[in-house]
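Asker:
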Amino acid sequence: MMAPTHAVVGLLVAAPVALAAPDLAPSVAVAAVAGSLVPDLDMVVGTHRRTLHFPVLAWPPALAAAALALWTPVPWLVGLAVFLVCAALHPLCDLLGGSSEPQPWLARTDRGVYSHRQRRWVAPRRLVRYDGSPGDLAVAAVAAVPVLVVFGPPVEPVVAGALVVGLGYVLVRKRVPQLSGRVPIPGPLAALLWVVAFVRSR
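Here it is, written out as structure tokens:
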């Protein structure tokens, strides 16, 4: 899925938290968007859908943070939990889409998302044909409705911007090759990027 869709879906994931704790709505919205976008940094550093995508290994820390946030709902811990859950959800959303290749609409490979635990690529489900497809934009549009209802005016510019950018991307997608594996990046640096992104989102 494209970045705008990930961002809106992340806000949708954060919506129940915003309903339960309205005073935390602004911070969890920022954490949700940041967590949803961080994995795609491997489009420019590392290998896309491999270096910063963890469809299995991201869930234990995400669920642990969520449990701690439920037990002790301090703002920074709630924000961390939302960030980690959205980052963990990102590769699963990608698995629902097309393959990781410059022209995914051609479906020439079965490289959906790399599973570090299994040490192999997991095949995409292709429920959404490819990132930047009309179906991808439709997912963002549908997810935007409850997001706008829950968060209200503060997130309207973010959601509107995501949909406008998404529409533009859909219109030019087949003319834009996917960035992938431009610069090798070691694992520890990948983890550091996650931490920096979270700190900047607070």
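Using this note's numbering, the first residue of the sequence shown is number 6, and each one after it goes up by one.
Beta carbons are placed, not taken as given, at the ideal position from N, Cα and C, and that holds for glycine.
This structure is a prediction, so every number in the text was calculated from the model and none was measured.
Out of R125, V147, V118, D141, which one is the CA nearest neighbour of M48?
Answerer: As a first step, residue 48 must be located in the sequence shown, where it is residue number 43. Cα-wise, what sits closest to M48 is V118.
Asker: In chain order, what residues of the same chain lie with their CB nearer than 6 Å to the CB of S185, ignoring the 5 residues before and after it?
Answerer: By 1-based counting over the sequence shown, the position of residue 185 is 180. Interpretation of S185 is limited by its pLDDT of 44, a score under 50 that renders its predicted location unreliable; no figure is taken from the coordinates.
Asker: Less than 7 Å separating the Cβ of M7 from some heavy atom of the ligand FAD?
Answerer: Questions concerning the ligand FAD fall outside what the structure shown contains, since it holds no ligand whatsoever.
Asker: Helix, strand or coil, according to DSSP, for R125 in the structure here?
Answerer: Locating residue 125 in the sequence shown gives position 120, counting from the first residue. If DSSP states are grouped into helix, strand and coil, R125 belongs with the strands.
Asker: How do the stretch 90 to 98 and the stretch 59 to 70 stand: do at least 3 beta-carbon pairs fall below 8 Å, yes or no?
Answerer: The stretch 90 to 98 vs the stretch 59 to 70: in contact.
Asker: Assign A72 to one of two classes, buried (16 or more other C-beta atoms within 10 Å of its C-beta) or exposed (fewer than that).
Answerer: Residue numbering aside, residue 72 sits at position 67 when the sequence shown is read from its first letter. Counting Cβ neighbours within 10 Å, A72 comes out exposed, since fewer than 16 surround it.
Asker: Is it buried or exposed for V181, if we count other Cβ within 10 angstroms and need 16 for buried?
Answerer: Residue mapping note: residue 181 aligns to position 176 of the sequence shown, counting from 1. Exposed, since its Cβ has fewer than 16 Cβ neighbours within 10 Å.
Asker: By a C-beta neighbour count over all protein chains shown, 10 Å radius and 16 as the cutoff for buried, is L16 buried or exposed?
Answerer: In the sequence shown, the residue the question calls residue 16 occupies position 11. When all chains shown are included, L16 counts as buried.
Asker: Three-state secondary structure (DSSP) at W35?
Answerer: Numbered from 1 along the sequence shown, position 30 holds the residue referred to as residue 35. In the sequence as displayed, the identity of residue 35 is Val instead of Trp. Looking at V35 - three-state DSSP - the assignment turns out to be helix.
Asker: Nearest-angstrom Cα distance between P189 and P44?
Answerer: Looking up residue 189 in the sequence shown gives position 184. Looking up residue 44 in the sequence shown gives position 39. For P189, the predicted structure reports a pLDDT of 49, less than 50, and the residue's modelled location is therefore unreliable. The matter cannot be settled from this model.
Asker: Am I right that P129 and G103 are in contact with their C-beta atoms under 8 Å? What's the rounded C-beta distance?
Answerer: The residue labelled residue 129 in the question sits at position 124 within the sequence shown. The residue labelled residue 103 in the question sits at position 98 within the sequence shown. Between G103 and P129 the Cβ distance is about 6 Å, and since that is below 8 Å, they are a contact.
Asker: Suppose the cutoff is 7 Å on Cβ atoms and the five residues either side in sequence are ignored; what does the same chain contact list for A145 look like?
Answerer: As a first step, residue 145 is located in the sequence shown; it is residue number 140 there, counting from the start. Cβ neighbours of A145 beyond the five flanking positions: P9, T10, V13, A167, L168, G171.
Asker: Alpha carbon to alpha carbon, how far is A148 from A67?
Answerer: Here residue 148 refers to the residue found at position 143 of the sequence shown. Here residue 67 refers to the residue found at position 62 of the sequence shown. Their backbone Cα atoms lie some 22 Å apart in a straight line.
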